[in-house]
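**Q** Counting the sequence shown from 1 gives a position; my numbering is that position plus 98.
For each residue, glycine too, the CB sits at the ideal point set by N, CA and C.
For clarity, every value in this text was computed on a predicted model and none was experimentally measured.
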Amino acid sequence: MVTDKGMPRPVCYSTSLRYVFIHIPKCAGTSIHRALGALHERLSLPIDEKRYHKHTKAIDVRRILGPIWDNSFKFSIVRNPWDLMVSSYHWWLNYAGRYPSLAEQSTRIRNMGSFGKFLQSEFGSKMINERRGNDLLDWIEADEKVIIDFVGRYETLESDWRRICQRIGVEPVVLTTENRVPRAAYAMFYDDASRRLVGERFHRTIKLFRYEF
Numbered sequence: 099m100v101t102d103k104g105m106p107r108p109v110c111y112s113t114s115l116r117y118v119f120i121h122i123p124k125c126a127g128t129s130i131h132r133a134l135g136a137l138h139e140r141l142s143l144p145i146d147e148k149r150y151h152k153h154t155k156a157i158d159v160r161r162i163l164g165p166i167w168d169n170s171f172k173f174s175i176v177r178n179p180w181d182l183m184v185s186s187y188h189w190w191l192n193y194a195g196r197y198p199s200l201a202e203q204s205t206r207i208r209n210m211g212s213f214g215k216f217l218q219s220e221f222g223s224k225m226i227n228e229r230r231g232n233d234l235l236d237w238i239e240a241d242e243k244v245i246i247d248f249v250g251r252y253e254t255l256e257s258d259w260r261r262i263c264q265r266i267g268v269e270p271v272v273l274t275t276e277n278r279v280p281r282a283a284y285a286m287f288y289d290d291a292s293r294r295l296v297g298e299r300f301h302r303t304i305k306l307f308r309y310e311f
């Protein structure tokens, strides 16, 4: 389920606690991975071993896990897309270069020189961090229908996390802050054109969860 700090994390699920976490990039997933790992350690529960990339989409996780999926509580976290894309941009600038496989792409993004140009590139128009996906709903839908049981929000993470822990029958584990870079409020990075680009790309998420700029 969860590997050591600094190592790639696989799909986050547990047959003992009967949950599956769908990790959308830049939506507090690393903090949740860490908390769930601490939870398993605290309860002396076994860690499941199937290793697929932590950002695998729900439609693929469902196929991979089969009956485990059917018998589990499936959850994920979404985030205001305008905030998310600023966070993704800073991830490329500050973190991605640490991974040899992403060093070249990270350099390309730094050389773009602006957030607006980043949004116009494939990294800002077709990806979140290094993972391809046009809309946040791509991670939790099949045939344009949400296929998980609960979708929390980054903006109400603390209360939603308590609900998740209650649902899987455990006392909440404190969520720590991971991979956060100090920066100005996300609105400061946008002009009318860039605001429109993100709004068009994530229009389904914005409509379903009633996000506003």
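Given this structure, state the Cα-to-Cα distance separating Ile238 from Val244, to the nearest angstrom.
**A** Straight-line Cα distance between these residues: approximately 6 Å.
**Q** Please name the residue, chosen from Ile130, Cys110, Ser185, that lies closest to Ala283 on a Cα-to-Cα basis.
**A** Minimum Cα distance to Ala283 is reached at Ser185.
**Q** Would you kindly report the start and end of the unbroken alpha helix (DSSP H) that includes Tyr187?
**A** Here the alpha helix (DSSP H) through Tyr187 covers 179-192.
**Q** Based on DSSP bridge pairs, tell me the residues matched to Phe300.
**A** DSSP, once it has assigned bridges, lists no residue as partnering Phe300.
**Q** Roughly how many whole angstroms lie between the Cα atoms of Thr78 and Ser114?
**A** Absent from the structure is residue 78, since the part of the chain shown begins at 99 and ends at 311.
**Q** If we ignore side chains and look at the alpha-carbon of each, how far apart do Phe221 and Asn227 end up?
**A** Approximately 7 Å, taken between the alpha carbons.
**Q** Report the partner residues of Arg229 according to the DSSP bridge assignment.
**A** Ile226, per the DSSP bridge assignment.
**Q** Please classify Pro165: is it buried, with 16 or more other beta-carbons within 10 angstroms of its beta-carbon, or exposed?
**A** That one is exposed.
**Q** Could you tell me the alpha carbon to alpha carbon distance between Lys172 and Asp247, rounded to whole angstroms?
**A** Approximately 5 Å between the Cα atoms of the pair.
**Q** Could you check what DSSP says for Tyr150 in three-state terms: helix, strand or coil?
**A** Three-state result, Tyr150: coil.
**Q** Please classify Pro198 as buried or exposed, where buried requires at least 16 neighbouring CB atoms within 10 angstroms.
**A** When all chains shown are included, Pro198 counts as exposed.
**Q** By Cβ distance below 6 Å, which residues in the same chain neighbour Gly214 in space, the five residues on each side in sequence not counted?
**A** Cβ neighbours of Gly214 beyond the five flanking positions: Ser292.
**Q** Just checking, does the region 175-183 make contact with the region 120-129 on the three C-beta pairs under 8 Å criterion?
**A** Verdict: yes, contact present.
**Q** Would you kindly work out how many angstroms separate the C-alpha atoms of Ala285 and Asp158, rounded to a whole number?
**A** One C-alpha to the other measures close to 34 Å.
**Q** List, from N- to C-terminal side, the beta strand (DSSP E) runs of 3 residues or more that fit wholly inside the region 109-150.
**A** Whole beta strand (DSSP E) segments, 3+ residues: 110-112, 117-120.
**Q** What residue does the beta strand (DSSP E) around Ile175 start on, and which one ends it?
**A** Counting along the chain, the beta strand (DSSP E) containing Ile175 begins and ends at 171-176.
**Q** Just the Cα atoms here: how many angstroms apart are Arg308 and Arg132?
**A** Roughly 29 Å between the two C-alpha positions.
**Q** For Leu141, count the other beta carbons within 10 Å of its own beta carbon; 16 or more makes it buried, fewer makes it exposed. Which is it?
**A** By the 10 Å Cβ count, Leu141 comes out exposed.
**Q** Over the uninterrupted beta strand (DSSP E) stretch that includes Arg312, give me the two end residues.
**A** Residue 312 falls outside the range modelled here, since the chain spans only 99 to 311, and no answer is possible.
**Q** Using the Cβ count rule (16 or more neighbours within 10 Å means buried), how would you classify Tyr187?
**A** Label assigned to Tyr187: buried.
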